[in-house]
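Residue numbers (the working numbering): 35 to 344.
Backbone N, C-alpha and C fix where the C-beta goes; we use that ideal spot for every residue, glycine too.
Note that the structure is predicted; figures quoted are calculated from it, not measured.
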Amino acid sequence: MIVTLILLTAFALVFTGCGPADEPADVEEPVDVEEPADVEEPADVDEPEGSISEITGIDPGAGIMAATEDAIEVYGLNVGLLESSDAAMTAELDTAIQNEEWIIVTGWSPHWKFAAYDLKYLEDPEEVFGGEEYIATIARTGLEEDHPAVFELLENFNWTDDEIGAVMDMNAQDSDFEANAEQWIEENRDLVDEWIPEGLEGNGEEIDILLVEWDCALASTNVVAAILREAGFDVTMTPVDAGVMWSSIAEGDADFMTTAWLPGTHASYMEQFGDDVVEVRTNYEGARIGLVVPTYVPFDSIADINDYVE
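Right, here's the structure in full:
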């Protein structure tokens, strides 16, 4: 799992009791002792309170943003939806947690933030965000004929939560994603060798990969790209928004992506472009999206958000 900065705050309240010492044997003169002033009883201290005014999201083209807009409508939430990016969202989350403030963010698994912070998904009784998802590799039509060994690599590529999590953890600590991918490959050579088919030789041939700048996408794309570079391919990775990623592969302007969230998050893109692309295989199972809060936030369901709106 991902090892990142973990914020732990410890509070210690130490109460010291003071009592009289032994009485002296002889006391010639009594000592006047002033009566202590009246001390007011301490007021009851309530738990820290907070409120919610918006949901912090990511890039506007992401499927989770559309799902969040649907959730706001379905649940009748009196909150706004802030467009930002994955990096900006996690920065806002970090700041809020450091200050013990309430915050709601768009969330998905796999993501390193679940190892870094104590977080929980809000219950979704209306199932707006759907159930468990998977991440698929999507290729352009004709890739198998043009580069059969590359296509076979994509057919073989799949990994577990621990494996993708290790790469995301490295990326969270050091933004040299290419070097991190190469290091992870060396440390997991037996697994990687199972993915690599016979005859994977690039001889300088160009491969174009598209990705959205999500942590899981940066991890998977850089690992596959590093394998292809190692095999002699000239690899270009281009970050774009989700809509451009799908349309470009459908039009044959790029070769593949490893970051299609299905059947929910990218459902509209699959419906629009599915006939013009090839779903190669599932490369990660157990993905999930939803609304996420720190565990200290007192509500547990999306349906309860309006009770805490400022």
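Contact defined as beta carbons within less than 8 Å: I believe residue i pairs with residue j. What is the distance between those atoms, to the nearest angstrom?
i: residue 314; j: residue 273; result: So it is not a contact: roughly 20 Å between Cβ atoms.
i: residue 229; j: residue 293; result: With 8 Å as the limit, residue 229 and residue 293 do not qualify as a contact, their Cβ atoms being about 17 Å apart.
i: residue 105; j: residue 163; result: 7 Å
i: residue 146; j: residue 206; result: 5 Å
Suppose you measure from the CA of residue i to the CA of residue j; what does that come to, to the nearest Å?
i: residue 263; j: residue 183; result: 14 Å
i: residue 125; j: residue 142; result: 16 Å
i: residue 220; j: residue 188; result: 19 Å
i: residue 284; j: residue 276; result: 12 Å
i: residue 316; j: residue 152; result: 29 Å
i: residue 149; j: residue 289; result: 33 Å
i: residue 202; j: residue 215; result: 10 Å
i: residue 139; j: residue 304; result: 25 Å
i: residue 333; j: residue 200; result: 31 Å
i: residue 286; j: residue 100; result: 26 Å
i: residue 103; j: residue 113; result: 10 Å
Can you name, in chain order, every residue of its own chain whose Cβ lies under 8 Å from the Cβ of residue i, other than the five neighbours on each side?
i: residue 212; result: 256, 259, 260
i: residue 118; result: 90, 91, 92, 93, 126
Look up residue i in the DSSP assignment and say whether it is helix, strand or coil.
i: residue 280; result: helix
i: residue 182; result: helix
i: residue 285; result: coil
i: residue 87; result: coil
i: residue 108; result: helix
i: residue 195; result: helix
i: residue 248; result: coil
i: residue 212; result: helix
i: residue 118; result: coil
i: residue 270; result: strand
i: residue 189; result: helix
For residue i, which beta-bridge partners are listed by DSSP?
i: residue 93; result: Residue 93 pairs with nothing; no bridge assigned.
i: residue 321; result: 167
i: residue 141; result: 324
i: residue 154; result: 327
i: residue 316; result: 170
Quick one: what's got a C-beta closer than 7 Å to residue i's C-beta in the same chain, skipping five residues either side?
i: residue 319; result: 168
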